[in-house]
Each structure stands twice: as structure tokens, then as C-alpha cells.
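Be aware that the sequence shown starts at 7, since it is given in this note's numbering, and climbs by one per residue.
Beta carbons are placed, not taken as given, at the ideal position from N, Cα and C, and that holds for glycine.
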Amino acid sequence: MKEIKIGLLGFGTIGAGVVKLLASNSALLTEKTGTRISLKSIVDLDITTDRGVNTEGIILTRTAEEVLTDPEISVIIELIGGYEPARSFVLKAISHGKHVVTANKALLAVHGEEIYAAAKANGVEVLFEAAVGGGIPVLSAIKGNLAGNRFSTVLGIVNGTCNYILTRMTHDGADFSEVLKSAQELGYAEADPTFDIEGVDTAHKLCLLLSLCFGTKIDLKDIYSEGITSISSEDVDFAKSFGYRIKLLAIGKMDDGQIEARVHPTMIPIDYPLADVHGVFNAIRLTGDFIGPVMFYGRGAGMDATASAVVGDVIDLSRSMGAGISRRCAPLGYLDEKVSTLTIKPMGEIVSKYYIRFQALDRPGVLARIAGALGASGISIASMLQSARSASEVVPIVIMTHEARESDMRRALAEIDTYEVIRGKSTFIRIEDNLE
Ligand code: HSE
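In C-alpha cells, the structure reads:
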């Protein structure tokens, strides 16, 4: 029987999940591929801590070099995360003719171009299904069965930690930091959880989704990204009273040859399927010219779900190798030489509806001044709400707008924030309620 041997870099939560899956479903994988898939070596700085999985017969080593150059190993799974040493290890594996499977979205969002070029030069594949949406097979679908489509939008909830936090804030009125701690304990959060809550992890994933959907290089710095740290329980409650939920969305849209690429908390109508994606679950919604809208849903983080995606890539490789094919598909699903560099639309030019919250003194004429400033910037008010009444203290005033340009909105708010009746900085949340 054919056999492929794997080297695993990084024995953390996901690495342990891969060891567990390969052991539990070993016979099943052979039935499906006709190949014995065996894990030969694991590299980690810590090779003594018990991860609760059986490592009998697997070489545990602290030295990456011996695994990256092992002629018996044809596939390297990189689950170290971060930029270095992951980048150097992946390039070394490729230069030794090994295929690479990785869950490292940060690495690919920043060093993808270099890694894809190396893979092409060495005739190997780089697969990264686990990098976006945990266990959800969305990247394989974009490159595979949906490849006949020209996409116009790709948007979704792609960070399990943020979705878990927002869900607990919405449903249990839980406190932000307490929920973040439990997301870390459940193994959802990145090593540096600020990557999750500041929207960086979501931007990394959007970068990959955009590259695959539109066949373009994306400079991560051009993706606007805003996390969930400024979302208050007050905003969550106001959203509810207007019939919305707040979700951290990754939004990509093709707009007249330019791409909208943005990550921010977003209000979506409560009856959208996306509004019902709770906890660690992720969902990605694509619109293609022939398929129309299509949505993928599943566990976006965690040991078992992510291991499923990693092993799925290994199975894909084992089938190609079994058929004698060394490189079935380029990493982005477009021929490498056809990958373009599309322009990202400046954030000031995007058009959206907005929720705005002011903290204002409850005095006659305040609303008229706010409405006047919005009107002067061409912003039309759809509805407003002042739920409290206090002669001496500030009260929240909430305004929902019709569609407006972001630059006009920011200009109007900068003006309103100078009024002495307004206290603190006004906050706003973009609304997405017009999905095609
Ligand atoms: N920290 C990530 C998340 C893990 O919370 O979604 C999966 O990429």
C-alpha cells in the first residue's frame, strides 16, 4: 500500500487535534484515499508536556532541521503560528520539495506572495483550508466547485473568539473581559488575543478570502480594520431595539473594478441567517454570478474542527500524489501569472447606513443642532431614539441614518463633537441590511 509520511511543526491545541484525528480515523482515511497517512515526526520546543493524545511511534524533536530535510517526509503541516520561525521553516520545507499544509493566516496574509512563488518554483502545493473559518471548507469550495463563478461579494463572521464574546454580551449580558478569558480557556483565541479582539485575525482571513475570490494580491495594510473593544452593552441593547444584532464582519465587495475590504463591528437585521450565527461558529456568505448567494456555516475555531480542515488538506494532497500529480492547483486557485493587483477603495468613499450614538445634555434645541450638522453634510436621518430623560445629566441619543458616504459622516461627527452640549466622543456602527 502507498504511504505518505508527515512532519508536524507545532504541538499546540490544533497540533494535538491533528494527532488525535489521524489516530482515531486512520483506517477510514486509508479506505478513502488508498494511502496510509502516517505522522512520522513532531517538532516543538516543548516535547514533554502531556497533550492528552497518544504519540506512540511518533518521533518528538526540538530540531526542525531534521524534519524539514527528512527525505521520507513529503508533507509538512505548519501549526506554529505567527511570522517567524514559521516563514523560514515553510520556505525550507518547500525548497526540499515538500508540500505544505498550514493554518497560519497571519503568515500567508503577510508573506503569501513569497511562499506561493517558492511553491511554484519547487512544483509543490501550499494548502491552507484551516486558515479561514476553522473547520469550514470554504476555501476548497471557492477554488473548486464554485470556481466557475465570478464573485461580487464575500462577507462573514470569521473570528470565533469575537463571535463568542459578542454572543455572550448579547444573550447573557456578560462582561467583555470575563468572556474573553473563557474564550482563551476554550482554545479559541490566538496566542496574542489582541489579534482577535482588535480585528487583526479577521483582516488576515479577509485578505485570503479576497485573494481567492478575486485573484488578486492584497496588501494587508490596505484593509480597514476595527475590533470589538469599543462595543458597549448599551450599543448591544440599542441594536436589539432597532431589530439588529452586532457582529464583527469581514466585508469584501467588488465595486466597479475596486475592492471594498473592511473589518468592523456591523449591525445586521435580526432575521438575517448571519445574525443567528452564535458562539464559536463562523459563517461566510459569497455571491457568485451563477450560484447567487451561498453560505457556509460551522465551527470557526477549536481543536477538533480545525484539525478536520488540516487533515482535509492532507487527504487532498494524498489523492493527488496517489495519482502521480505533484501540483494540481495553484495556492489562490488562479494561475500564478494571472494573479493581479486590484485597488482597494479608500474607506472615506464607502457608502453605508449608520447607527450613531451621542451622549448629550437633555436641553431644547440639541436634536435640531445635531440634525442640522448631519443635514449640512448631506446625511439623511432614518429614525432616532432618546430613551432616558434627565435635566442635569447626559443622556444617550441614537440616530439611524440612510445611506451616506463615510467621509461625510466623519466630517459631521467631528463638527458635532465640538458642541458643548455633547459629552465625549460620538460612536458609530455601520449597518449592512441590503445584501444582494
Ligand atoms: N483565534 C481564531 C478565532 C482561531 O477565534 O477564530 C481560528 O482561526
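For ligand 1, is there a heavy atom less than 8 Å away from the beta-carbon of residue i?
i, result
"Thr36", "no"
"Cys168", "yes"
"Ala109", "yes"
"Tyr89", "no"
"Phe201", "yes"
"Glu135", "no"
"Ala92", "no"
"Thr75", "no"
"Phe269", "A quick correction: the sequence has Val, not Phe, at residue 269. Flag unset: Cβ of Val269 not near ligand 1."
"Ala289", "no"
"Thr312", "yes"
"Val357", "no"
"Asn31", "no"
"Val164", "yes"
"Lys431", "no"
"Val286", "yes"
"Ala307", "yes"
"Lys211", "yes"
"Ala256", "no"
"Glu204", "no"
"Gly294", "no"
"Tyr194", "yes"
"Asp207", "yes"
"Ala3", "Because the chain is modelled from 7 through 442, residue 3 falls outside the range shown and cannot be assessed."
"Ala189", "yes"
"Gly381", "no"
"Lys118", "A small fix is needed here, since residue 118 is Gly in this sequence, not Lys. Flag unset: Cβ of Gly118 not near ligand 1."
Count the other CB atoms, across all protein chains shown, that sit within 10 Å of the CB of residue i; report buried if there are 16 or more and exposed otherwise.
i, result
"Asn60", "exposed"
"Phe157", "buried"
"Asn440", "exposed"
"Pro77", "exposed"
"Lys259", "buried"
"Thr200", "exposed"
"Asp56", "exposed"
"Ser183", "exposed"
"Ile252", "buried"
"Glu442", "exposed"
"Tyr170", "buried"
"Ala410", "buried"
"Ala33", "exposed"
"Gly150", "exposed"
"Ser393", "exposed"
"Ser246", "According to the sequence displayed, residue 246 carries Lys and not Ser. Lys246 comes out exposed."
"Val357", "exposed"
"Ala420", "exposed"
Are the CB atoms of residue i and residue j nearer to each other than 9 Å?
i, j, result
"Asp414", "Ile385", "yes"
"Gly139", "Gly308", "no"
"Ser217", "Gly154", "no"
"Asp52", "Phe95", "no"
"Thr222", "Val345", "yes"
"Asp319", "Phe134", "yes"
"Ile437", "Met390", "no"
"Ile65", "Lys46", "yes"
"Gly23", "Asp225", "no"
"Leu453", "Val316", "An answer regarding residue 453 cannot be provided, because it is not within the stretch 7 to 442 covered by the chain."
"Leu215", "Val160", "yes"
"Gly205", "Cys168", "yes"
"Glu9", "Arg42", "yes"
"Asp328", "Gly40", "Sequence inspection shows Gly at residue 328; the Asp mentioned does not correspond to that position. Yes, they are a contact pair."
"Ile142", "Arg305", "yes"
"Ala109", "Leu85", "yes"
What did DSSP end up calling residue i once you bin it into helix, strand or coil?
i, result
"Arg251", "strand"
"Ile437", "strand"
"Val130", "coil"
"Tyr230", "strand"
"Arg2", "The shown model of the chain, from 7 to 442, leaves out residue 2, and the question about it has no answer."
"Leu15", "strand"
"Asn169", "helix"
"Pro199", "coil"
"Ile321", "helix"
"Leu114", "helix"
"Phe364", "strand"
"Ile237", "coil"
"Glu78", "coil"
"Tyr122", "helix"
"Glu355", "helix"
"Glu204", "coil"
Given 8 Å as the limit, is there contact between the region 265-272 and the region 224-233, that is, 3 or more CB pairs closer than that? yes
Pairing CB atoms from the region 118-131 with CB atoms from the region 90-106, are three or more of them under 8 Å? With a cut-off of 8 Å, the region 90-106 and the region 118-131 count as touching, because enough Cβ pairs lie within range.
At a cut of 8 Å, does the region 79-92 reach the region 313-330 through at least three beta carbon pairs? yes
Do the region 279-294 and the region 373-380 make contact, defined as three or more Cβ pairs closer than 8 Å? no
Three or more C-beta pairs below 8 Å linking the region 164-173 and the region 353-367: Contact between the region 164-173 and the region 353-367 is not established, with fewer than three Cβ pairs separated by less than 8 Å.
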